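Asker: Structure provided below as structure tokens; questions to follow.
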Amino acid sequence: MTIEPAATENAEQDRVPPGPAVMSPAEFAADLDDRTPAGIAAAVSRRIRSGALAPGSRLPTVREVARELRVSPATVNQAWRALAATGAIVARGRAGTFVGELQIRRPAAGRYQRLHPPSDSAFRIDLSRGTPDPDLLPDLATALRAITAADPGDLAADYLGDAVLPELAALVRPDWPARAERLAVFDGALDAIDRLLTLHVRLGDAVAVEDPCFPPFLDLLARLGARPVPVHLDESGLIPAELSRAVSDFGVSALILQPRAQNPTGVSLTARRVRELTDVLRETDTLIIEDDHSAGIASAPLRSLGARLPRRTVHVRSYSKSHGADLRLAVAGGPTDLLDPVIERRMLGAGWTSRLLQRVLITMLDDPSAADTVTAARTEYRRRSTELRRALAAHGIAVPRADGINLWLPVADENAAMISLAAAGIKAAPGGPFEVADTPRSDHLRLTVSPVTDAELPWLSTELAAATTAAPTYRRIRRA
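Using the numbering used here, read the sequence shown as starting at 58 and increasing by one per residue.
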């Protein structure tokens, strides 16, 4: 649900009788210290959840609230839009704006579901998954045998044990990109990011994200009622001028970024770009969440904003792509005031990440053979990506150099390209779910190089090249 201020908050609405508003504008403004759009939206949300604003209650008009708060109507309108997007409030034209149902409406289908729809179709090759090659992962059985041969007392765990095994902390600290007051282990990078956002981002907050962006980040923000603010990328990462615009225009409360092997573009931050971005953020209180999802298999060196802004950066390192997705392990490091509330809240639910799985990871990180396997995988992914780019270049298709396991392929028409590839037995990921805006600036497909073999490369590159120029045979309708 979106709210159109031109249709709902105009001079005509101000002439509508007050109706069943539960509080006057003065009561509405009471104890509202944060008069930014995010602060106003958060205050209304709290009152709805507490019952102070009951479903069906009519809110004061935008102009009434703006006068009482001594802010511009545009500021209140922005807060109203954020609330309306979640269903917390509902615009009824000239009748006014009302509190919605207690249960905030959620999107029926997230971007991640659209990216990976259930399918019974058989494809000759699947380039859509964004997952590593299972044959390039370390041998999990070796690690399992090693820990089962250990002293049973070493495997014992109780409810009051260390949430992070000291041996694991000792292994990850030496190459952590910044000083971390606290380390925490989570069930994968998305689990860590979900918990951080839930604790530190409020309804109506603006959150800066990369554009294109990893779709689950956008799904998480949608379910929190937060507003994603797109910041575009170039070959060095987030564009500083765009981040500066986002900060000045929206006062972003958080920034989510992938410092290397960005999904879907494969872009990695440069040292200069880190300096430029931290200069933009230095005078703000923006929470920085870094998702290093391709640690181990990314070729670029790790650049972290936490090296310059350690008090506001939480860095998350995943081991899923390097050591195995079923480990479900990621380590987060950052200041205590950002991580301790997450850890304390988690103790009321899952409690901690399995110490048994932590010991499996410790064994793999300590095993020279496993380390060699990860190094070999990194080299092989780089080779496959390079070979596919070269094969496409031979067909006149230029694809930007990328790190990790994905390539961002520009196409003339996304839908036509998907149809062309499907007819050839190739499954690719549509670019649309990665774009923040409903109407992307340009069309792309994301290709995962992990399934690509040398034998199939000539055929594959020919079909991909043909798909880049495929034209629709019908009038294209953008997704809603």
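For glycine and all other residues, C-beta sits at the position ideal for the given N, C-alpha and C. No experiment lies behind these values; they were computed from the predicted model shown.
Could you tell me the alpha carbon to alpha carbon distance between W137 and R368, rounded to whole angstroms?
Answerer: If you number the sequence shown from 1, residue 137 lands on position 80. If you number the sequence shown from 1, residue 368 lands on position 311. Distance between the alpha carbons of W137 and R368: 32 Å.
Asker: Taking N472 as the reference, which of R439, I419, N320, D500 has the closest Cα?
Answerer: For the purposes of this step, residue 472 is taken as residue 415 along the sequence shown, with counting starting at 1. Measuring from the Cα of N472, the nearest candidate turns out to be D500.
Asker: Give the list of continuous alpha helix (DSSP H) stretches no shorter than 4 residues that lie fully inside the region 451-501.
Answerer: 471-480
Asker: Got a sec? Which residues, its chain only, sit under 6 Å from A165 by beta carbon, not counting five neighbours each side?
Answerer: Numbered from 1 along the sequence shown, position 108 holds the residue referred to as residue 165. Caution applies to A165, whose pLDDT of 44 falls short of 50 and renders its modelled position unreliable; the model cannot decide the point.
Asker: Count the other CB atoms, across all protein chains shown, that sit within 10 Å of the CB of A83; report buried if there are 16 or more and exposed otherwise.
Answerer: Position 26 of the sequence shown holds residue 83. Label assigned to A83: exposed.
Asker: Any idea which residues DSSP pairs A41 with across the strands?
Answerer: Residue 41 is absent from the structure shown; the chain starts at 58 and stops at 537.
Asker: Between the beta-carbon of L464 and the beta-carbon of E520, is there less than 8 Å?
Answerer: The count along the sequence shown starts at 1 and reaches residue 464 at position 407. The count along the sequence shown starts at 1 and reaches residue 520 at position 463. Pairing L464 with E520 gives a Cβ-Cβ distance that is not under 8 Å.
Asker: Taking the Cβ atom as the reference point for each residue, do L338 and L366 lie within a distance shorter than 8 Å?
Answerer: Taking the sequence shown and counting its residues from 1, the one referred to as residue 338 is at position 281. Taking the sequence shown and counting its residues from 1, the one referred to as residue 366 is at position 309. Taking 8 Å as the Cβ cut-off, L338 and L366 qualify as a contacting pair.
Asker: Would you mind sorting G461 into buried or exposed? The rule is 16 or more other CB atoms within 10 Å of its CB.
Answerer: As a first step, residue 461 must be located in the sequence shown, where it is residue number 404. Its Cβ being crowded by 16 or more others within 10 Å, G461 is buried.
Asker: Quick one: grab the DSSP three-state call for F271.
Answerer: On the sequence shown, residue 271 is found 214 positions in, with the first residue counted as 1. In the structure shown, F271 sits in coil (DSSP, three-state: anything other than H, G, I, E or B).
Asker: With 16 as the cutoff for other CB atoms within 10 Å, does T199 come out buried or exposed?
Answerer: In the sequence shown, counting from the first residue as 1, residue 199 sits at position 142. So T199 ends up on the exposed side.
Asker: If we call anything under 8 Å between Cβ atoms a contact, is R435 one with R446?
Answerer: By 1-based counting over the sequence shown, the position of residue 435 is 378. By 1-based counting over the sequence shown, the position of residue 446 is 389. No, these two residues do not count as a Cβ contact at 8 Å.
Asker: Do you know how far the Cα of V456 is from the Cα of D291?
Answerer: For the purposes of this step, residue 291 is taken as residue 234 along the sequence shown, with counting starting at 1. For the purposes of this step, residue 456 is taken as residue 399 along the sequence shown, with counting starting at 1. Near 13 Å, if we compare the C-alpha coordinates of V456 and D291.
Asker: Is R412 near G218, with beta carbons less than 8 Å apart?
Answerer: If you number the sequence shown from 1, residue 412 lands on position 355. If you number the sequence shown from 1, residue 218 lands on position 161. Their beta carbons are under 8 Å apart, which means R412 touches G218 by this criterion.
Asker: Can you tell which of A123, D190, A203 has the C-alpha that lies nearest to the C-alpha of T420?
Answerer: To locate residue 420, count along the sequence shown from 1; it is residue 363. Measuring from the Cα of T420, the nearest candidate turns out to be A203.
Asker: Helix, strand or coil, according to DSSP, for R236 in the structure here?
Answerer: Along the sequence shown, read from residue 1 onward, the residue named residue 236 stands at position 179. In the three-state scheme derived from DSSP, where H, G and I count as helix and E and B as strand, R236 is classed as coil.
Asker: Using the beta-carbon count (16 or more within 10 Å), is S518 buried or exposed?
Answerer: By one-based count along the sequence shown, residue 518 stands at place 461. It is buried - the Cβ of S518 has at least 16 other Cβ atoms within 10 Å.
Asker: Can you give me the start and stop residues for the beta strand (DSSP E) that D348 sits inside?
Answerer: Start at 1 with the first residue of the sequence shown, and residue 348 comes out as number 291. Secondary structure note for D348: its beta strand (DSSP E) is the uninterrupted segment 344-349.
Asker: Using the C-alpha atoms, what's the distance from I354 back to E437?
Answerer: As a working mapping, residue 437 is identified with position 380 in the sequence shown. As a working mapping, residue 354 is identified with position 297 in the sequence shown. For E437 and I354, the distance between alpha carbons rounds to 9 Å.
Asker: Check whether the region 314-331 touches the region 280-287, taking contact to mean three or more Cβ pairs, one atom from each stretch, closer than 8 Å.
Answerer: no
Asker: Can you list, in chain order, the residues of its chain with a C-beta nearer than 7 Å to that of P195? Leave out the 5 residues immediately preceding and following it.
Answerer: The sequence position of residue 195 within the sequence shown is 138, counting from 1. Only residues of its own chain outside the window of five on either side were considered, and among them H380, M421, A427, T430, V431 have a CB closer than 7 Å to the CB of P195, listed in chain order.
Asker: With burial defined as no fewer than 16 other Cβ atoms inside 10 Å of the residue's Cβ, what is the status of P231: buried or exposed?
Answerer: Looking up residue 231 in the sequence shown gives position 174. With fewer than 16 Cβ atoms within 10 Å of its Cβ, P231 is classed as exposed.
Asker: Between L300 and the rest of its own chain, which residues show a CB-CB distance below 8 Å, the 5 nearest in sequence each way excluded?
Answerer: The sequence position of residue 300 within the sequence shown is 243, counting from 1. Contacts found: A265, V288, L312, L334, V337, L338.
Asker: When burial is assigned at 16 or more other CB atoms within 10 Å of the CB, is Q370 buried or exposed?
Answerer: On the sequence shown, residue 370 is found 313 positions in, with the first residue counted as 1. With the sequence shown as reference, residue 370 is identified as Thr, and Gln is not the correct amino acid for it. Classification for T370: buried.
Asker: Cutting at 6 Å between CB atoms, please list the residues of its own chain near L116, excluding the five before and the five after it.
Answerer: Sequence index remark: in the sequence shown, residue 116 carries index 59 (1-based). T154, listed in sequence order.
Asker: Spell out the partners DSSP gives S43 in its beta bridges.
Answerer: The first residue shown for the chain is 58 and the last is 537, placing residue 43 beyond what the model contains.
Asker: Please go through the same chain and pick out, in chain order, the residues whose beta-carbon is closer than 6 Å to the beta-carbon of Q160, but skip the five residues on each side of it.
Answerer: Along the sequence shown, read from residue 1 onward, the residue named residue 160 stands at position 103. For Q160, the predicted model reports a pLDDT of 46, less than 50, meaning its position is unreliable; a value from the coordinates is still stated below. Within its own chain, no residue has a Cβ closer than 6 Å to the Cβ of Q160 once the five positions on either side in sequence are excluded.
Asker: Can you find the residues in the same chain that come closer than 6 Å, C-beta to C-beta, to V229, ignoring five residues on each side of it along the sequence?
Answerer: By one-based count along the sequence shown, residue 229 stands at place 172. Hits under 6 Å: V388.
Asker: Cα-Cα, which of A486, G482, H372 is closest to R236?
Answerer: On the sequence shown, residue 236 is found 179 positions in, with the first residue counted as 1. The shortest Cα separation from R236 among A486, G482, H372 belongs to H372.
Asker: Taking Cβ positions, are P189 and S442 nearer each other than 8 Å?
Answerer: For the purposes of this step, residue 189 is taken as the residue at position 132 of the sequence shown. For the purposes of this step, residue 442 is taken as the residue at position 385 of the sequence shown. No, the Cβ-Cβ distance between P189 and S442 is not below 8 Å.
Asker: If you compare alpha carbons, which of A524, A131, G390 is closest to A481?
Answerer: Stepping through the sequence shown from its first residue, residue 481 is reached at position 424. Of the candidates A524, A131, G390, the one whose C-alpha sits nearest the C-alpha of A481 is A524.
Asker: Taking the alpha helix (DSSP H) that L314 belongs to, which residues open and close that run?
Answerer: On the sequence shown, residue 314 is found 257 positions in, with the first residue counted as 1. Run containing L314: none in the alpha helix (DSSP H); it sits in the beta strand (DSSP E), 311-314.
Asker: Spell out the partners DSSP gives V147 in its beta bridges.
Answerer: Counting from one through the sequence shown, the residue named residue 147 turns up at place 90. According to DSSP, V147 bridges with F155.
Asker: My guess is that S102 and L260 are in contact by the Cβ rule of under 8 Å, so how many angstroms apart are they, rounded?
Answerer: Indexing the sequence shown from 1 puts residue 102 at position 45. Indexing the sequence shown from 1 puts residue 260 at position 203. So it is a contact: roughly 4 Å between Cβ atoms.
Asker: Using CA atoms only, rank isn't needed, just tell me which of L359, T341, D342, T343 is closest to D349.
Answerer: Taking the sequence shown and counting its residues from 1, the one referred to as residue 349 is at position 292. When each option's Cα is compared against that of D349, the closest is L359.
Asker: Along the alpha helix (DSSP H) that carries V119, what are the first and last residues, could you check?
Answerer: Counted from its first residue, the sequence shown places residue 119 at position 62. From DSSP, the alpha helix (DSSP H) with V119 extends over 119-126.
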